[in-house]
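Engineer: Numbering (my numbering), first residue to last: 170 to 363.
Take this structure, written in structure tokens, and hold onto it; I'll ask about it next.
Below is the structure:
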């Protein structure tokens, strides 16, 4: 599972809260158990604008301590000044584009880095996940054609007609390996992300 996060103090606090709570459940592969377990959790970050689009010393220290940080070769988007961590609201177009790129890059990296993983998931740094239940659900699922999460939808008006857009809400969703491969091999998306 890739947990999308950013290189700032508020998000570092969230990562540490997850490490001290839900990632202590049996089945989570962590440095403390030599990365043995049914589910590996990695924090996925880009270079943050508040650090001049470089990785902070605090992030480098965190990565060395926990060995669960993936630093992607991308710049985070600037968040709207009105958006506050932990409060619902719009982050702004630049941050939204950065988050979308980061998600795509996570699925691209994970499907190559973990060739035997049956499922690849994306989560947020403010979720609490009951890992034993989540893993039990995964064991019941088919191995192909899975796009699992909290279902949502919207509509757009395009060329005098309504088009429904259906998707899983980003706080936690899971793709089976074949779905992840289809996503990352779709060339128009690949060009946008890289």
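We put the CB at the ideal spot given by N, CA and C, even for glycine.
For clarity, every value in this text was computed on a predicted model and none was experimentally measured.
Does the stretch 318-331 come close enough to the stretch 262-280 that 3 or more CB-CB pairs lie under 8 angstroms?
Structural biologist: Output reads no: the stretch 318-331 does not touch the stretch 262-280.
Engineer: Can you check the stretch 172-249 for any beta strand (DSSP E) of at least 3 residues that lies completely inside it and give the ranges in chain order?
Structural biologist: The stretch 172-249 contains these whole beta strand (DSSP E) runs: 211-216 and 238-244.
Engineer: Run the CB neighbour count on residue 305, radius 10 Å, all protein chains shown included, and call it buried at 16 or more, exposed below.
Structural biologist: Classification for residue 305: exposed.
Engineer: Does the distance from the C-beta atom of residue 336 to that of residue 321 stay below 8 angstroms?
Structural biologist: Yes; because the gap between Cβ atoms is below 8 angstroms, this pair is in contact.
Engineer: DSSP state of residue 343, grouped into three classes?
Structural biologist: Residue state, collapsed to three classes: strand.
Engineer: Could you give the C-beta distance for residue 216 and residue 244, rounded to a whole number, given that I count them as a contact under 8 angstroms?
Structural biologist: So it is a contact: roughly 5 angstroms between Cβ atoms.
Engineer: Could you give the C-beta distance for residue 345 and residue 281, rounded to a whole number, given that I count them as a contact under 8 angstroms?
Structural biologist: With a Cβ gap of about 16 angstroms, residue 345 and residue 281 do not count as contacting.
Engineer: Among 253, 248 and 182, whose alpha-carbon lies nearest the alpha-carbon of residue 264?
Structural biologist: Cα-wise, what sits closest to residue 264 is 248.
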